[in-house]
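Heads up: the sequence shown at position 183 corresponds to 217 in the working numbering, and the numbers run straight through without jumps.
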Amino acid sequence: MNKVSIYNFTYDKLTSFLEQHNINKFVSKQIFDWLYKKQVSSFEEMTNISKKNIELLNNNFIIDDLEEIKKQIDPVDETTKFLFKLSDGNKVESVIMKFDYGYSACVSSQVGCNMGCKFCASGKLKKVRNLEVNEMVLQIVKLNKYLKETKNERLSSFVVMGIGEPFDNYNNLIDFLDIAKDRKAIEIGSRHITVSTSGLVHNIKKWADSQSQVNLAISLHAPNDEVRSQLMPVNNTYNIKQLMEAIDYYHSKNNRRITIEYLLIDGINDKEEHAYELIDLLKNRLCYVNLIPYNSIDESGFKRSKNVKKFFDILNKHNITCTIRQERGKNISAACGQLRAKENSKV
Ligand code: SF4
Numbered sequence: 035m036n037k038v039s040i041y042n043f044t045y046d047k048l049t050s051f052l053e054q055h056n057i058n059k060f061v062s063k064q065i066f067d068w069l070y071k072k073q074v075s076s077f078e079e080m081t082n083i084s085k086k087n088i089e090l091l092n093n094n095f096i097i098d099d100l101e102e103i104k105k106q107i108d109p110v111d112e113t114t115k116f117l118f119k120l121s122d123g124n125k126v127e128s129v130i131m132k133f134d135y136g137y138s139a140c141v142s143s144q145v146g147c148n149m150g151c152k153f154c155a156s157g158k159l160k161k162v163r164n165l166e167v168n169e170m171v172l173q174i175v176k177l178n179k180y181l182k183e184t185k186n187e188r189l190s191s192f193v194v195m196g197i198g199e200p201f202d203n204y205n206n207l208i209d210f211l212d213i214a215k216d217r218k219a220i221e222i223g224s225r226h227i228t229v230s231t232s233g234l235v236h237n238i239k240k241w242a243d244s245q246s247q248v249n250l251a252i253s254l255h256a257p258n259d260e261v262r263s264q265l266m267p268v269n270n271t272y273n274i275k276q277l278m279e280a281i282d283y284y285h286s287k288n289n290r291r292i293t294i295e296y297l298l299i300d301g302i303n304d305k306e307e308h309a310y311e312l313i314d315l316l317k318n319r320l321c322y323v324n325l326i327p328y329n330s331i332d333e334s335g336f337k338r339s340k341n342v343k344k345f346f347d348i349l350n351k352h353n354i355t356c357t358i359r360q361e362r363g364k365n366i367s368a369a370c371g372q373l374r375a376k377e378n379s380k381v
């Protein structure tokens, strides 16, 4: 019988498995405690679980791990990038960033990415496959272990903004977030988690229906279809009008503010007229804009904008709440859009 990773199981799914075997649901609480709080690596270490139940667990599950094959620390801001090997040899990257309020992580949701955004190093490799729930959960578990061992700290927040389009791996994402939020498991509150999508409208609506309290970020990066289609092929499937309708739908279900990610690229989307078009798009919507200074990657030919402050000032003057994202991990290619697809090919 094929054994599966126990990290794939939300509390409810584990409980229903145990109930099918006539085991009290209290046992799943104990198992979660051993896995996520005490971080054991074998079922035998779960000393308050009966021998019979340990045998059942051993027959059905494994407690797996991600193999860390590389770690780079930015000497300037301590951003730490990890390269993990998955059980099939594929690789994923995750990043820890240090902020005034604590440590935050950026995790990946797929091996490669099919969205093909022109400015993105992560999307240069086509999607190989979705990450399983356990592979997303284990990124957080590993990063927390590292923080505990080296600094006696833990993650206070994370974003799903690494390699991959999380809404293209929707069902696994939902189970992963369930485990991440669960007080019995990873225990990071919804409001400290952000999921970022390139604009898969059908799943933005599904997400709206779920009324998740997890923060939603949308990569807009352009104020009109002409520029956006040039940067993001997804715009040919879901254009800006459809995206705005999805944002309005979200707000009809949930009055949480959406983050609009806007990467500023020299001469492409950073002109004054673009700022005014963006204001027109967002002025009556509950959104805030995160301006991201572009980090050059060799292949794209795009350059960093010289108009970041000017763009910011125009939005600000017209009452569009916005911030300029603090740059992290520039020296180790861990900044936004710099996670390397080439690292993801099999060894
Ligand atoms: S920016 Fe995100 S969605 Fe676009 S190609 Fe890169 S990883 Fe994929």
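Even for Gly, the Cβ is constructed at its ideal location relative to N, Cα and C. Small disclaimer: the values here were computed from a predicted structure and weren't measured.
Of the heavy atoms belonging to the ligand SF4, at least one sits nearer than 6 Å to the Cβ of Glu199. Put simply, the region 336 to 345 does not touch the region 103 to 111. Fewer than three CB pairs are less than 8 Å apart. Between Leu189 and Tyr137, the C-beta gap is smaller than 7 Å, which places the two residues in contact. Look at Thr271 here: in three-state DSSP terms it is coil, with no helix or strand label. For Ile348, the enclosing alpha helix (DSSP H) has its first and last residue at 342 to 351. Tyr272 places its beta carbon 7 Å or farther from that of Val229. In this structure, Phe201 keeps its C-beta atom at 7 Å or more from the C-beta atom of Ala139.
Taken through DSSP and simplified to helix, strand or coil, Thr44 comes out as coil. Per DSSP, Ser244 is not a residue of any beta strand (DSSP E); the alpha helix (DSSP H) it occupies stretches across 235 to 244. If you draw a straight line from the Cα of Ile299 to the Cα of Lys125, it is about 29 Å long.
For Thr357, the enclosing beta strand (DSSP E) has its first and last residue at 356 to 358.
Collapsing the DSSP output to three states places Gln106 in a strand.
In this structure, the alpha-carbon of Lys132 lies about 38 Å from that of Asn94. Relative to the ligand SF4, the beta carbon of Cys321 is positioned no closer than 6 Å to any heavy atom. DSSP places Val261 inside the alpha helix (DSSP H), whose first and last residues are 259 to 265. Taking C-alpha positions only, Leu265 is separated from Lys152 by approximately 5 Å. Beyond the five residues adjoining it in sequence on each side, Glu311 comes within less than 8 Å, by CB distance, of Pro257, Asn258 in the same chain, given in chain order.
Inter-residue distance for Thr49 and Asp216 is about 14 Å (C-alpha atoms, whole angstroms).
The three-state reading of DSSP puts Leu320 in coil, since its state is none of H, G, I, E or B. Beta bridge pairing from DSSP links Thr293 with Ala251, Tyr322.
If you look at Ala139, you'll find it in the beta strand (DSSP E) that goes 136 to 140. Burial check for Ser232: the Cβ neighbour count within 10 Å reaches 16 or more, so the residue is buried. By the criterion of a C-beta distance shorter than 6 Å, Val261 is surrounded in its chain by Asn303, once the five residues flanking it on both sides are discounted. For Phe66, the enclosing alpha helix (DSSP H) starts and ends at 60 to 66. Take Met278, set aside five residues on each side of it, and the residues of its chain with a beta-carbon closer than 8 Å to its own are Leu315, Arg319, in chain order.
Nearest neighbour of Asn269 by Cα position, chosen from Asn56, Asp98, Lys85, Met149, turns out to be Met149.
Each of Ile65, Arg291, Thr113 was checked against the Cα of Lys317, and the nearest Cα belongs to Arg291. Taken from the Cβ of Cys151, at least one heavy atom of the ligand SF4 lies inside 6 Å.
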